[in-house]
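> Counting in this note's numbering, the sequence shown runs from 4 upward without gaps.
Positions of the beta carbon are idealized from the N, C-alpha and C atoms, including for glycine.
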Amino acid sequence: MGTPEFIRQIRATAGHQLLYLPGVSAVVFDGEGRVLLGRRADTGLWSVVGGICEPGEEPALTAEREVYEETAVRCVADRVVLVQALPHPVTYPNGDRCQYMDITFRCRAVGGEARVNDDESLEVGWFAVDALPELAEFAHFRIKQAMTEGPAWFQPTHQR
4 MGTPEFIRQI RATAGHQLLY LPGVSAVVFD GEGRVLLGRR ADTGLWSVVG GICEPGEEPA
64 LTAEREVYEE TAVRCVADRV VLVQALPHPV TYPNGDRCQY MDITFRCRAV GGEARVNDDE
124 SLEVGWFAVD ALPELAEFAH FRIKQAMTEG PAWFQPTHQR
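Rendered as structure tokens:
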């Protein structure tokens with residue numbers, strides 16, 4: 004899907020200046036304990052599914068919507084596993100700059116067949132957690148947190 008329309012409207016007047024945006028990551032497991040990953044069209048790297056919340060959209064709904072839009076898998080967000088202000092802005096090839104507040108959800112697949120469902124992914128697939136493709140630390144950490152039963156992770160203020 005690319006850049007949401009509301010971001011394009013903001014960019015029309017804000018130009019390339021830094022935008023701080025709410026985003027979600029979805030760590031989706033199937034009934035066999037495999038995790039759903041997509042190989043991103045913009046970087047060529049495998050990662051968990053993610054996206055930007057639309058104005059007024061609940062973050063859990065964003066996670067479910069993004070998973071379907073990118074992979075054709077229907078899922079249910081079961082719980083928040085992580086909340087994190089990402090430490091560095093991202094500069095896109097067109098010069099746009101964004102920084103994200105990420106809310107990561109553990110999700111459960113409930114239907115659909117994994118396939119590339121939009122232009123944001125080159126490939127999608129299910130992977131055993133002990134046989135993951137090369138992933139950025141960002142994705143590994145989210146998968147690890149989604150596998151724990153503890154409370155949602157956040158950066159304690161005394162560790163900053």
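DSSP has PHE32 in a bridge; who is on the other side?
Answer is VAL38, ARG111.
> Buried or exposed: which applies to ARG109, given that a residue is buried once 16 or more other Cβ atoms fall within 10 Å of its Cβ?
Its Cβ being crowded by 16 or more others within 10 Å, ARG109 is buried.
> Is ASP33 near LEU40, with beta carbons less than 9 Å apart?
Result no, Cβ atoms of ASP33 and LEU40 do not sit closer than 9 Å.
> Spell out the partners DSSP gives GLY18 in its beta bridges.
In the DSSP output, where bridge partners are listed per residue, GLY18 has none listed.
> Indicate the three-state DSSP secondary structure (helix, strand or coil) for PHE157 in the structure shown.
Residue state, collapsed to three classes: coil.
> Relative to the C-alpha of ALA142, which candidate in GLU152, VAL52, HIS19, VAL83 has its C-alpha closest?
The candidate whose alpha carbon is nearest that of ALA142 is VAL52.
> For VAL86, tell me which candidate among THR107, VAL113, ALA112 has the shortest Cα-Cα distance.
For VAL86, the nearest C-alpha among the options comes from THR107.
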